[in-house]
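Visitor: Provided herewith is a single structure, encoded as structure tokens, for subsequent inquiry.
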Amino acid sequence: MKRGALLAAKVGVSLALLIYLFSTTDLSALESRVRSGDVLLFATAVALYAGMLALSTWRWRLLLHALGFPARLRDLTSSYLVATFFNNFLPSNIGGDVVRVRDGSRLTGSTAASLAVVAVDRILGLGALYLLALLAFVLGGRAVRHLAGARVVLVGLGLVFAGVAYV
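FYI, in the numbering used here the residues of the sequence shown are 265 to 431.
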């Protein structure tokens with residue numbers, strides 16, 4: 265009975281939020297914006313976002329597996345989507361990490377192992393972001409290289425990432 269009540273509460277809150285959202289939105293303006301949008305660009309953005317979610321979930325699974333904790337991709341995907349919601353809803357990204365640590369500790373039986381996996385995942389994400397910034401700096405031409413402080417920021421990020429990788 266608890267499960268049914270929880271589901272009913274979730275559906276009720278979702279419906280209430282949707283009703284509020286649509287009642288405070290100018291639907292004709294929304295329709296004109298949707299019609300004027302580039303469908304290919306929108307589809308590409310959705311596909312890239314879905315790909316990012318899939319790769320992030322897969323990376324989380326690999327990290328758990330490396331510590332000897334096999335996990336089903338379906339369970340991790342569900343948890344990652346909930347964590348993404350909390351990352352977007354709460355004022356910081358820590359809310360999503362808390363969800364992932366909690367769900368990971370249920371799978372591993374160890375909060376410390378789950379916390380370590382999420383921390384390593386964050387560090388890998390920071391490293392990937394640094395590499396993208398470096399690639400943009402190298403390939404971006406003069407426009408990127410002449411940004412105020414770009415070199416200082418890149419060197420600083422490189423030192424931070426190298427220090428974290430060393431630890």
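In this text, a Cβ means the ideal position worked out from N, Cα and C, and glycines have one as well. As the structure is a computational prediction, the values presented were derived from the model and not from experiment.
1. Helix, strand or coil: which one does DSSP assign to A335?
2. Could you tell me whether the region 284-291 touches the region 301-316, using the rule of 3 or more Cβ pairs below 8 Å?
3. Given that a residue counts as buried once 16 or more other Cβ atoms are within 10 Å of its Cβ, and exposed if not, what is Y344?
4. Decide if the region 350-362 is in contact with the region 323-336; the criterion is three or more beta carbon pairs, one per stretch, under 8 Å apart.
5. I want to know whether the region 416-424 touches the region 362-373 - three or more CB-CB distances under 8 Å.
6. Run the CB neighbour count on D437, radius 10 Å, all protein chains shown included, and call it buried at 16 or more, exposed below.
7. Alpha carbon to alpha carbon, what distance is there between L294 and S278?
8. Measuring only the C-alpha atoms, how far is V310 from A392?
9. Is N352 helix, strand or coil when you go by DSSP?
10. Could you tell me the alpha carbon to alpha carbon distance between G268 and G276, rounded to whole angstroms?
11. Note down, in chain order, each residue of its chain lying with its Cβ closer than 6 Å to the Cβ of T375, except the 5 sequence neighbours on either side.
Guide: Here's the rundown:
1. Here the question's residue 335 lines up with position 71 in the sequence shown. Of the three classes helix, strand and coil, the one that applies to A335 here is coil, per DSSP.
2. no
3. For this step, residue 344 is matched to residue 80 along the sequence shown. In the assembly as shown, Y344 is a buried residue. Its beta-carbon has 16 or more other beta-carbons within 10 Å.
4. no
5. No contact exists between the region 416-424 and the region 362-373.
6. Outside the displayed range of the chain (265 to 431) lies residue 437, so it cannot be described from this structure.
7. Walking along the sequence shown from the start, residue 278 turns up at place 14. Walking along the sequence shown from the start, residue 294 turns up at place 30. Rounded to the nearest angstrom, the two C-alpha atoms are 20 Å apart.
8. For the purposes of this step, residue 310 is taken as the residue at position 46 of the sequence shown. For the purposes of this step, residue 392 is taken as the residue at position 128 of the sequence shown. Cα to Cα, V310 sits roughly 21 Å from A392.
9. Position 88 of the sequence shown, counting from 1, holds the residue named residue 352. Helix.
10. Taking the sequence shown and counting its residues from 1, the one referred to as residue 268 is at position 4. Taking the sequence shown and counting its residues from 1, the one referred to as residue 276 is at position 12. Rounded to whole angstroms, G268 to G276 spans 12 Å at the Cα level.
11. Taking the first residue of the sequence shown as position 1, residue 375 is located at position 111. Taken in chain order, the residues that qualify are S369.
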